[in-house]
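S.K.: Let me give you the structure first, and then I'll get to my questions.
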């Protein structure tokens, strides 16, 4: 449990690191959202709507200053041992299908390379044999400008990291230089 100065945050330290492949990220995000729904209620937050923070959300380092200032450092309390990722599923009810959905995501696996070579010979030739990089898809600048306006006009506390992260993603997709993004 971490005290950030204005709230308490629950962190699980896993027994083993998880490689952040896209499939794993999808599973971990859904697991995090499910756990958040289980914990969020009128006794744990004065905010009615659960705040579903992204998987890559930044967090304050223990000992650093909180939103209240340097005189109020972030404090962490250890309340248990490291946990197995699969054990976290036990906290998700199976009665509403949520656990089954998570287990389904976990079971999905990517296609073996030998099978991909057979099914998609053109792709195999380009990407595996010739080592070509995956193509990029560029978007009009309007998307970036629209999101920037939304950040300026609508962003709320608790959603700033997501807003800035999304702006950076849109900048990349729209071909906007890093210098302009930083402004």
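In our numbering, the protein residues as written are 0 to 182. By construction, the Cβ of each residue, glycine as well, lies at the ideal position given by its N, Cα and C atoms.
Can the beta-carbon of residue 97 be found closer than 7 Å to that of residue 3?
M.R.: Cβ distance not < 7 Å, so residue 97 and residue 3 don't count as in contact.
S.K.: Starting from residue 143 and walking both ways along the alpha helix (DSSP H), at which residues does that stretch end?
M.R.: It spans 140-153 - the alpha helix (DSSP H) in which residue 143 sits, taken as one unbroken run.
S.K.: Please determine whether the Cβ atom of residue 28 lies at a distance below 6 Å from any heavy atom of the ligand ATP.
M.R.: This structure simply doesn't include the ligand ATP, nor any ligand for that matter.
S.K.: Could you say if the segment 138-158 and the segment 171-180 meet the contact criterion of at least three C-beta pairs nearer than 8 Å?
M.R.: yes
S.K.: According to DSSP, residue 18 sits in a beta bridge with which residue or residues?
M.R.: DSSP lists no partner for residue 18.
S.K.: Mapping DSSP to helix, strand and coil, what is residue 35?
M.R.: helix
S.K.: Helix, strand or coil, according to DSSP, for residue 160 in the structure here?
M.R.: Three-state DSSP puts residue 160 in a helix.
S.K.: Under the rule that 16 or more other beta-carbon atoms within 10 Å means buried, what is residue 26, buried or exposed?
M.R.: buried
S.K.: Which first and last residues belong to the alpha helix (DSSP H) in which residue 183 is found?
M.R.: A query on residue 183 cannot be resolved here, the shown segment of the chain reaching from 0 to 182 and no further.
S.K.: Pull up the DSSP beta-bridge partners for residue 13, would you.
M.R.: 82
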